[in-house]
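**Q** Per my numbering, residue -5 is the first one in the sequence shown, and the count goes up by one each step.
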Amino acid sequence: MISHIIVTSDHPDILEIARSNDIFFRDRPPHLAQDESSVVLSLQDSVQVMEKNTECTFDNIILLQPTSPIRTGQDIDNVIQIMNDDDTVEGVVSVADCGVFLPDHQYHIDTNLETGSSILSPIMGNTNQRKRRQDI
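1. Cβ of L9 within 8 Å of Cβ of D21?
2. Candidates I117, M44, F52: which alpha carbon is nearest L96's?
3. Throw me the rounded Cβ distance for the V41 and I17 pair, which I believe falls under 8 Å.
4. For S88 versus Y101, is the C-beta spacing smaller than 8 Å?
5. Entirely within the region 49 to 89 and at least 3 residues each: give me those beta strand (DSSP E) ranges in chain order.
6. So what does DSSP say about R13, is it helix, strand or coil?
7. For A90, which option in D69, D104, T82 has the closest C-alpha, if you only look at C-alpha atoms?
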């Protein structure tokens, strides 16, 4: 179940859409709205603001990036189901074939033989885990 939604952006049109639909929004601070800004830092900022305003602590977070729109409502429901069904799952990531060879952003699936859980492992090791696709 999704209990809260926050839209974070520095674009007034996006913030107005959120406002007009009664969705909590965060006018992203300039240092988190640059081309080089970290998604992780922006997400952390948004969660901190949301937790302060709602007086809630969030156990799970679903990050939907408009620059990666390849997902459906069913995909989101499946992620929630996976997280609810298995307490050992720490996160779920959706992936799609990009059609080009980007070794820093390509993964293979490993299976944990004890649990049967699948895990994505980068084909190039962990050397560039936080590298933005724009920096490749």
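All C-beta atoms, glycine included, are put in the ideal place defined by N, C-alpha and C.
**A** So, to answer that:
1. yes
2. I117
3. With a beta-carbon spacing of about 15 Å, V41 and I17 fall beyond the 8 Å limit used to define contacts.
4. Contact: no.
5. none
6. helix
7. D69
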